[in-house]
Amino acid sequence: LNVLLWSGHYPDKWKQNRTVLIPKGEEALNNVKNWRPITIGNIVARMYGRVLEERLSERIKLNVRQKGFMRGNGVYENTFLLEEVIREGKKNQLVGVITDISKAFDSVSHWGILDELKRRRVNEKLIKIIKAMYESSQVTIDGYEIDIGIKRGVKQGDSLSPLLFNMVLDPVISHFDNEDYGIRMGNQNISCLAYADDLIVLARHQEEAGRMMEKLAAFLGERGMLLSPEKCRCFGIKRYQKGWIHFDTAFNIHGKSIRNLKVNESFKYLGITFNIQEGMSNMENANEIIKACGRVRKLALKPIQKLDFIYVHLVPSMLSMLGIEGPSGNALRAIDGELKAITKCTMHLHRSINDGFLYTKRSEGGLGIMDVGEVAKSTYIKNGLKMLKSRDPATIQITEQTGFVLKLEEMARKMGMGSLNIKEVERWKRDMK
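Throughout the sequence shown, residue numbering follows full-length UniProt numbering, covering 1 to 433 in sequence.
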């Protein structure tokens, strides 16, 4: 690999990719839009992409507003910032546009990638390698012996692709910051929230948001990407007397208007449900956990196998989303109540069985199930502690202004943790098993 880096050569064999088409559903399979392409590249080429990503990430510094595929929990951080920005907007004024870039990773131009690499004065050999990676790349559709040239888009499943995409999008994000757009939080301006192609534009008023959207649409168009106005959403909120009001805004992209969110209408951002009136809500994720556990009961497994499936595999895989929001008492009570009922039913226990038997370790005669509510809280604390080391000064300042650390300390104290640090959280989790 080092010889290839030194020479700037990229083997032609590595340019061959295979695409498998997977149906999105069972209806209208004669329509190509109802199939999802999964592209598989050469395994050695993907390893090489990882090496290139490590080399390039040392040279390419992205705007702190970009949280996608960066170190740290970007989902946790951006959802935290969005909730605080909405809260601040109710005290002053805020116009937001939740954008949707149509097939962003598949449509970004190769010219845009190479141009940005040159603008950043990346080593010429690295540019030559990346150019060769995409030049004359071919894909074979599974079942059809025909090579199709790849003219745009970044490689699927390649470690280098997220960095290249974020790099292409970075100039417009930096432009918003440099123009002093956005809502003021202390002495920091937040002009947008970015997680790869998930971008929310934030402005003080409609005129400012309009300028930002025009700039964004033009910038994307120059690089082969398009906004999808049908999937974009916008909203406006401002202070009114002792409270706040919601107001409609008007934006047009490619001759089509963007729909306004209603004050109590929910929208998804990074898998978390928000609405303007109430902020972040994780009840939907809580309900998904309950439904999934209910489905396990119907599997052809022994009772103890079902229990292990739920608490060893299923629930831990879904807990990360509950650990994004400070889990509400209602959500946790709903999950714990339903899971205890499912456990008792699965194990053919009477519903009056004491909870102590459910939570006691198996080595001590109990069932040893997980206290989902407490584990969700510990995940939230761990995510919060990691966020306190963020590279984003706006995040650090907002955590200081909102008493975020005090909230974590209070939660940790109630859970019986000795101190507030990640090692203590991990120790607490081990003791819970």
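C-beta atoms are modelled at their ideal positions from N, C-alpha and C, and glycine is treated no differently.
Note that the structure is predicted; figures quoted are calculated from it, not measured.
Next item on the list: Would you mind sorting Met-47 into buried or exposed? The rule is 16 or more other CB atoms within 10 Å of its CB.
Entry: exposed
Next item on the list: Would you mind reading off the limits of the alpha helix (DSSP H) that contains Asn-330?
Entry: 329-346
Notebook entry, point to check: Are the Cβ atoms of Ser-85 and Ala-209 separated by less than 7 Å?
Noted result: Inspection of the sequence shows that residue 85 is occupied by Val rather than by Ser. The answer is no: Cβ separation not under 7 Å.
Notebook entry, point to check: What does DSSP give as the partner residues of Gly-149 in its beta bridges?
Noted result: Gln-138
Margin query: According to DSSP, is Ser-257 part of a helix, a strand, or is it coil?
Written below: strand
Check: Is the number of C-beta pairs between the stretch 390-401 and the stretch 180-194 that are closer than 8 Å three or more?
Finding: yes
Notebook entry, point to check: With 16 as the cutoff for other CB atoms within 10 Å, does Asn-330 come out buried or exposed?
Noted result: exposed
Item checked: Reference Arg-223; option with closest CA among His-350, Asp-115 and Ile-200 -> Asp-115
Next item on the list: Figure out for me which residue from Glu-207, Phe-274 and Leu-193 has the closest Cα to the Cα of Ser-266.
Entry: Phe-274
Notebook entry, point to check: When the Cα atoms are used, what is the spatial distance from Gln-16 to Gly-157?
Noted result: 14 Å
Item checked: Three or more C-beta pairs below 8 Å linking the stretch 21-30 and the stretch 355-362 -> no
Item checked: Continuous beta strand (DSSP E) stretch holding Gln-188: start and end -> 188-190
Margin query: So, at 6 Å on beta carbons, what are the nonlocal neighbours of Gln-277 in its own chain, with the 5 sequence-adjacent residues on each side left out?
Written below: Val-263 and Asn-264
Next item on the list: Compare the C-alpha of Phe-165 against each of Trp-428, Leu-56 and Gly-365 and name the closest.
Entry: Leu-56
Notebook entry, point to check: By how many angstroms is the C-alpha of His-348 removed from the C-alpha of Gly-403?
Noted result: 46 Å
Next item on the list: Please confirm whether Ile-127 and Leu-117 have their CB atoms less than 7 Å apart.
Entry: yes
Item checked: DSSP-derived helix/strand/coil call for residue 437 -> Here the chain has residues from 1 to 433 only, and residue 437 is not among them.
Item checked: Chain-order list of residues whose beta-carbon lies under 7 Å from that of Met-280 (same chain, five-residue window excluded) -> Thr-79, Glu-83, Ile-272, Phe-274 and Glu-325
Notebook entry, point to check: Exposed or buried, what is Arg-65 when buried is set at 16 or more other beta-carbons lying within 10 Å of its beta-carbon?
Noted result: buried
Checklist line | Cβ distance (whole Å) where Leu-193 is taken to contact Ile-200 below 8 Å | finding: 5 Å
Next item on the list: For my contact list, Arg-119 and Ile-60 are in at a C-beta cut-off of 8 Å; report their separation, rounded to the angstrom.
Entry: Actually they are not in contact, since the Cβ atoms of Arg-119 and Ile-60 sit about 11 Å apart, beyond 8 Å.
Checklist line | Arg-204, buried or exposed, once every other Cβ within 10 Å from all chains shown has been counted against 16 | finding: buried
Next item on the list: Could I get the ranges of all uninterrupted beta strand (DSSP E) runs contained in the stretch 219-304, with 3 residues as the minimum, in chain order?
Entry: 233-240, 243-247, 266-269, 272-275 and 279-281
Next item on the list: Using three-state DSSP, classify Met-167 as helix, strand or coil.
Entry: helix
Note to self: Tell me the residue span of the alpha helix (DSSP H) that contains Ile-101.
What the structure shows: Here Ile-101 belongs to no alpha helix (DSSP H), and DSSP marks it neither H nor E.
Notebook entry, point to check: Ile-276 CB to nearest chain B CB: under 7 Å?
Noted result: This model lacks chain B altogether; it includes just one protein chain.
Next item on the list: Mind the definition here: the stretch 97-112 touches the stretch 5-16 only if three or more C-beta pairs lie below 8 Å; say whether that holds.
Entry: no
Item checked: Closest by C-alpha distance to Lys-91, when choosing among Gly-25, Tyr-134, Lys-242 and Glu-364 -> Lys-242
Notebook entry, point to check: Are Val-425 and Ser-378 touching if we call contact CB-CB under 7 Å?
Noted result: yes
Next item on the list: Please classify Lys-298: is it buried, with 16 or more other beta-carbons within 10 angstroms of its beta-carbon, or exposed?
Entry: exposed
Next item on the list: Give every residue of the same chain whose Cβ lies closer than 6 Å to the Cβ of Ser-137, excluding the five residues on either side of it in the sequence, and list them in chain order.
Entry: Lys-15 and Ile-150
Notebook entry, point to check: How big is the Cα-Cα spacing for Ser-257 and Thr-249?
Noted result: 10 Å
Next item on the list: Please say whether Leu-261 and Phe-235 have beta carbons closer to each other than 7 Å?
Entry: yes
Notebook entry, point to check: So what does Asn-17 bridge to, in DSSP terms?
Noted result: Val-139
Next item on the list: Note down, in chain order, each residue of its chain lying with its Cβ closer than 7 Å to the Cβ of Ile-173, except the 5 sequence neighbours on either side.
Entry: Asn-63, Arg-65, Gln-66, Cys-192 and Ala-194
Next item on the list: Ignore the nearest five residues each way along the sequence and tell me which others in Arg-233's own chain have a CB closer than 8 Å to its CB.
Entry: Val-97, Ile-98, Ile-258, Arg-259, Asn-260, Leu-261 and Phe-267
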